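In the UniProt record's numbering, the protein residues as written are 1 to 224.
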């Protein structure tokens, strides 16, 4: 763990109940770290994980880092106050989006597990930036290996077995998606965010039987 303190933080107003994963979306790791530690940028995260597995600590977990922006998840509108933010170095869709290296994910997994256990965070509250800000954000994107987290109980898995289409109307799907946790103010963007997370092989913003079946499975009671 390398200390790279950022001045961009303030006091929390809520207990920690979430972890939000991002990609840096900048050309280099150093550019991203410089931005997150510059007082002029007014952005930060608690941790940043480089592609080679190096982990930087920017903001103490007791403090409110500025990573989520305008966002919403499961009734929480001040996501920064309720979350730990982790940035993963990746150029993102603007600068040449690419898969996340094994070394990076290998460093992320124990960090996530430690934070999850210490704060008692449920799998359903380990989310991507696009989950909490679907109208604005795409990160960590469709190449992020959520299944690697899910098989270690560090995130919800994408349901694949015993799926059953509930044949909801589109309006019914949106009500269910809101119940699951998403901001559905922009319906198409909310559907795209859901697909990016739970069906990354086809992101088209269209509500179909597979989307309905996966969402139904996610809403059914399951061990946390």
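Just so it is clear, CB atoms sit at the ideal spot from N, CA and C, and this is done for glycine as well.
As the structure is a computational prediction, the values presented were derived from the model and not from experiment.
- Query: Is the Cβ-Cβ distance between residue 22 and residue 85 less than 8 Å?
  - Reply: Counting from 1 along the chain shown, the entry for residue 22 is found at position 22. Counting from 1 along the chain shown, the entry for residue 85 is found at position 85. The answer is yes: Cβ separation under 8 Å.
- Query: Would you call residue 49 buried or exposed, if buried means 16 or more other Cβ atoms sit within 10 Å of its Cβ?
  - Reply: Taking the chain shown and counting its residues from 1, one reaches residue 49 at position 49. Answer is buried; the Cβ neighbour count reaches 16.
- Skipping 5 residues on each side, what residues in its chain have a beta carbon closer than 7 Å to that of residue 183? For the purposes of this step, residue 183 is taken as the residue at position 183 of the chain shown. 72, 134 and 190, listed in sequence order.
- Query: So, residue 20 versus residue 89, is the Cβ gap smaller than 8 Å?
  - Reply: Counted from its first residue, the chain shown places residue 20 at position 20. Counted from its first residue, the chain shown places residue 89 at position 89. Against a cut-off of 8 Å, the Cβ pair of residue 89 and residue 20 comes out as no contact.
- Could you check the C-alpha separation between residue 197 and residue 146 for me, to the nearest Å? For the purposes of this step, residue 197 is identified with residue 197 of the chain shown, where counting begins at 1. For the purposes of this step, residue 146 is identified with residue 146 of the chain shown, where counting begins at 1. Roughly 8 Å separates the two Cα atoms.
- Collapsed DSSP secondary structure at residue 51 in the structure displayed: Translated into the one-based positions of the chain shown, residue 51 becomes position 51. In the structure shown, residue 51 sits in coil (DSSP, three-state: anything other than H, G, I, E or B).
- Should residue 139 be labelled buried (16 or more other beta-carbon atoms within 10 Å of its own) or exposed? As a first step, residue 139 is located in the chain shown; it is residue number 139 there, counting from the start. Here residue 139 is buried. Its C-beta has 16 or more other C-beta atoms within 10 Å.
- Task: Check whether the Cβ atoms of residue 82 and residue 14 lie closer than 8 Å to each other.
- Result: Residue numbering aside, residue 82 sits at position 82 when the chain shown is read from its first letter. Residue numbering aside, residue 14 sits at position 14 when the chain shown is read from its first letter. Yes, the pair counts as a contact, with Cβ atoms nearer than the cut-off.
- Task: Please go through the same chain and pick out, in chain order, the residues whose beta-carbon is closer than 7 Å to the beta-carbon of residue 39, but skip the five residues on each side of it.
- Result: Stepping through the chain shown from its first residue, residue 39 is reached at position 39. The residues are 7 and 8.
- Query: By the 10 Å Cβ neighbour count, where 16 or more other Cβ atoms means buried, how is residue 192 classified, buried or exposed?
  - Reply: As a first step, residue 192 is located in the chain shown; it is residue number 192 there, counting from the start. It counts as buried.
- Of the residues 26, 132 and 58, the one placed nearest residue 78, counting alpha carbons only: Position 78 of the chain shown, counting from 1, holds the residue named residue 78. When each option's Cα is compared against that of residue 78, the closest is 132.
- Task: For the beta strand (DSSP E) containing residue 45, list its first residue and its last residue.
- Result: Against the chain shown, residue 45 aligns to sequence position 45. That residue, residue 45, is in no beta strand (DSSP E); it is neither H nor E in DSSP.
- Task: Would you check if the distance between the CB atom of residue 70 and the CB atom of residue 10 is smaller than 8 Å?
- Result: As a first step, residue 70 is located in the chain shown; it is residue number 70 there, counting from the start. As a first step, residue 10 is located in the chain shown; it is residue number 10 there, counting from the start. Not closer than 8 Å, so no.
- Query: DSSP state of residue 266, grouped into three classes?
  - Reply: Because the chain here runs from 1 to 224, residue 266 falls outside it and cannot be looked at.
- Query: In this structure, what does DSSP give as the bridge partners for residue 151?
  - Reply: Mapped onto the chain shown, residue 151 falls at position 151. Answer by DSSP bridge pairing: none, since residue 151 is not bridged.
- Task: Using three-state DSSP, classify residue 208 as helix, strand or coil.
- Result: Numbered from its first residue, the chain shown carries residue 208 at position 208. Note: residue 208 maps to coil in three-state DSSP.
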